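I have placed the structure first, in the form of structure tokens, so that the comments after it can refer back to it.
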Amino acid sequence: VKWNTGQIGYRINVSDTGRYVATVSYGNCSYSDSVQLRYDKVPPVSLPRDSLLCDTVNVTLDAGVPGLFYQWSTSPLDNKQTINVRDTGEYSVIVRNANCFSYDTIRIWTATIPDIDDQFYCNEFTFEAEATSIEEAEYKWSTGETTQKVTLTQADNYWVQVKQRHCIKTDSFSITNPIINLDLGVDRHFCDNINVELDAGPDGIKYDWNNGKTTQKIKVNVPDTFRVTVYDEYGCKAADSVIITVSQSPEVDLAGDLTICVNSPTKIEGPEGYTYQWNTGSKEQSITTITQGAYTLKIIDQYGCIATDSLYITVDPEALPNELSVPSAFSPNDDGLNELFPFTLPVSQTSYYITIFSRWGEKVFDSRDDINKPNWDGYYQGERVPNQLYIYFMYYRGCDGNARTAKGNVYPLR
Numbered sequence: 252v253k254w255n256t257g258q259i260g261y262r263i264n265v266s267d268t269g270r271y272v273a274t275v276s277y278g279n280c281s282y283s284d285s286v287q288l289r290y291d292k293v294p295p296v297s298l299p300r301d302s303l304l305c306d307t308v309n310v311t312l313d314a315g316v317p318g319l320f321y322q323w324s325t326s327p328l329d330n331k332q333t334i335n336v337r338d339t340g341e342y343s344v345i346v347r348n349a350n351c352f353s354y355d356t357i358r359i360w361t362a363t364i365p366d367i368d369d370q371f372y373c374n375e376f377t378f379e380a381e382a383t384s385i386e387e388a389e390y391k392w393s394t395g396e397t398t399q400k401v402t403l404t405q406a407d408n409y410w411v412q413v414k415q416r417h418c419i420k421t422d423s424f425s426i427t428n429p430i431i432n433l434d435l436g437v438d439r440h441f442c443d444n445i446n447v448e449l450d451a452g453p454d455g456i457k458y459d460w461n462n463g464k465t466t467q468k469i470k471v472n473v474p475d476t477f478r479v480t481v482y483d484e485y486g487c488k489a490a491d492s493v494i495i496t497v498s499q500s501p502e503v504d505l506a507g508d509l510t511i512c513v514n515s516p517t518k519i520e521g522p523e524g525y526t527y528q529w530n531t532g533s534k535e536q537s538i539t540t541i542t543q544g545a546y547t548l549k550i551i552d553q554y555g556c557i558a559t560d561s562l563y564i565t566v567d568p569e570a571l572p573n574e575l576s577v578p579s580a581f582s583p584n585d586d587g588l589n590e591l592f593p594f595t596l597p598v599s600q601t602s603y604y605i606t607i608f609s610r611w612g613e614k615v616f617d618s619r620d621d622i623n624k625p626n627w628d629g630y631y632q633g634e635r636v637p638n639q640l641y642i643y644f645m646y647y648r649g650c651d652g653n654a655r656t657a658k659g660n661v662y663p664l665r
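Quick note on numbering: the sequence shown equals residues 252 to 665 in our numbering.
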């Protein structure tokens with residue numbers, strides 16, 4: 252094959268316009284053909300740069316040069332120079348003239364709106380809030396953090412702001428964590444009778460007690476374990492229970508009023524196994540007294556149940572203790588102290604009598620001689636007796652009503 256360019260071969264490369272003739276020879280035969288090459292410009296096309304829109308899409312796309320043939324990717328019927336688009340996506344156009352064509356595309360998208368749903372938790376929670384991952388985006392949370400994700404553990408209202416190029420989008424959301432305030436209190440014990448109201452609080456819209464009641468408050472008059480489940484408007488629930496017990500109050504019996512002798516220590520005793528409170532201030536199980544008056548004992552058991560009893564002790568001046576404590580000396584010196592023997596206080600002549608002798612056997616005092624002088628004042632026949640040893644014999648009636656005797660020595664001191 253020989254070309255009119257002088258080149259030989261089945262294929263040649265050319266770079267100029269014009270007519271090119273190829274002649275094929277075989278023996279005495281030959282055949283020629285030609286082709287005319289013309290240069291035609293590619294039609295220009297220039298769609299805008301890929302576009303980020305902050306809000307809704309409503310854009311007119313222009314292929315650029317009028318008077319050509321157009322084919323948009325949106326539809327075979329879109330063959331005009333311009334089209335209007337209202338959706339995000341990738342759009343392309345082919346522009347043709349008589350011999351050539353060109354091609355261009357554009358991507359249109361809108362700024363992503365961060366979308367975080369409101370959250371609801373009945374119990375303690377940890378929520379990882381995540382804004383949409385966007386390349387080259389900047390994040391700002393109401394908590395002050397600037398990451399795509401944040402961890403939240405408190406109920407509150409939150410917002411997140413996403414900046415994407417020139418667009419800023421914000422979303423807000425809330426985390427709800429309702430707390431049901433339910434407290435039936437500590438377990439309770441009652442003495443003798445139960446009469447109590449249990450209150451499950453006002454936070455619920457539904458109450459389920461284990462005794463079948465469905466009200467916020469219930470009256471209780473029997474011992475048992477009472478449980479309640481409270482449901483709020485969000486469907487959250489809380490439960491609590493309380494144990495109600497009852498026991499009989501303790502009993503105390505001080506055995507009634509008493510009459511005791513002068514200077515006769517008397518023991519008053521409560522039952523064992525309790526806490527004690529006497530009106531004297533004592534906290535012991537028993538007290539001992541020689542004093543006339545009212546005595547009250549309060550006993551408290553392990554549950555706080557209380558019983559009280561009282562008695563009145565009367566001191567009988569006519570009766571002396573069964574066992575007398577007689578001093579061995581006294582001081583009749585007119586100083587007002589220990590002037591009498593054997594008692595410093597007046598006693599009844601019917602309770603006892605005493606006879607006193609000197610060491611020579613001479614009787615120096617007999618209480619039967621003068622009903623107004625039951626005690627010896629250290630005088631004999633109007634004179635003070637000498638400081639020496641004297642012997643006494645005493646006859647008396649004890650608290651038990653039995654007659655008794657006592658004897659001993661006494662020494663007057665001056």
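The beta-carbon is built from N, C-alpha and C at its ideal position, and this holds for glycine as well. As the structure is a computational prediction, the values presented were derived from the model and not from experiment.
For His440, the beta-bridge partners assigned by DSSP are Thr496.
Secondary structure at Ser618: helix, using DSSP grouped into helix, strand and coil. Out of Asn584, Asp355, Phe594 and Met645, the CA that lies nearest to the CA of Glu634 is found in Asn584. If you look at Lys400, you'll find it in the beta strand (DSSP E) that goes Lys400 to Leu403. Around the beta carbon of Ser618, 16 or more other beta carbons lie within 10 angstroms, which makes this residue buried. Within the segment 404-429, the complete beta strand (DSSP E) runs of at least 3 residues fall at 407-415 and 418-427. For Gly544, the uninterrupted beta strand (DSSP E) segment begins and ends at Gly544 to Ile551.
Contact between Leu571 and Phe581 fails: their C-beta atoms lie close to 18 Å from each other, not under 8 Å. Minimum Cα-Cα distance from Val481 among the listed residues Thr274, Asp491 and Val473 corresponds to Asp491.
Using a 10 angstroms sphere on the CB of Lys400, the tally of other CB atoms stays under 16, which defines it as exposed. The C-beta of Gln287 has fewer than 16 other C-beta atoms within 10 Å across all chains shown, which makes the residue exposed.
Rounded to whole angstroms, the separation of the alpha carbons of Tyr647 and Tyr554 is 50 Å.
Contact annotation: Leu449 and Phe477 have beta-carbon atoms nearer than 8 Å. Between Thr361 and the set Asp338, Ala382, Glu375 and Asp368, the nearest pair of CA atoms involves Asp338. For Tyr525, the CB contacts under 7 Å within the same chain, skipping 5 residues up- and downstream, are Pro501, Ile550, Ile551 and Asp552 in chain order. Listed in chain order, the non-local C-beta contacts of Ala506 below 8 Å within the same chain comprise Leu562, local neighbours out to five positions each way being set aside.
Taking C-alpha positions only, Tyr604 is separated from Tyr643 by approximately 10 Å. In this structure, Ser343 keeps its C-beta atom at 8 Å or more from the C-beta atom of Pro295. In this structure, the CA atom of Thr539 is about 9 Å from the CA atom of Glu520. Judged by their CB atoms, Tyr641 and Phe608 are nearer to each other than the 8 Å cut-off. Each residue's CA atom was taken as its position, placing Arg610 and Ala558 some 60 Å apart.
Between the segment 459-468 and the segment 396-414 there are fewer than three inter-stretch CB-CB distances shorter than 8 Å, so the stretches are not counted as touching.
Non-local C-beta neighbours of Ser537 in its own chain, meaning closer than 8 Å and more than five positions away in sequence, comprise Lys518, Ile519, Glu520 and Gly521, ordered along the chain. The residue from Ser579, Asn573, Leu588 and Ala657 with its alpha-carbon nearest to that of Thr606 is Ala657. Straight through space, the alpha carbons of Cys351 and Asn255 are spaced by roughly 27 Å. Restricting attention to Arg416, Gln322 and Thr383, the CA atom closest to the CA of Leu303 is found in Arg416. Membership of Ala314 in any beta strand (DSSP E) is not indicated, and neither H nor E is assigned to it by DSSP. A direct Cα-Cα distance of roughly 6 Å separates Arg347 from Tyr321.
A Cβ-Cβ separation of about 5 Å places Tyr290 in contact with Thr268 under the 8 Å criterion.
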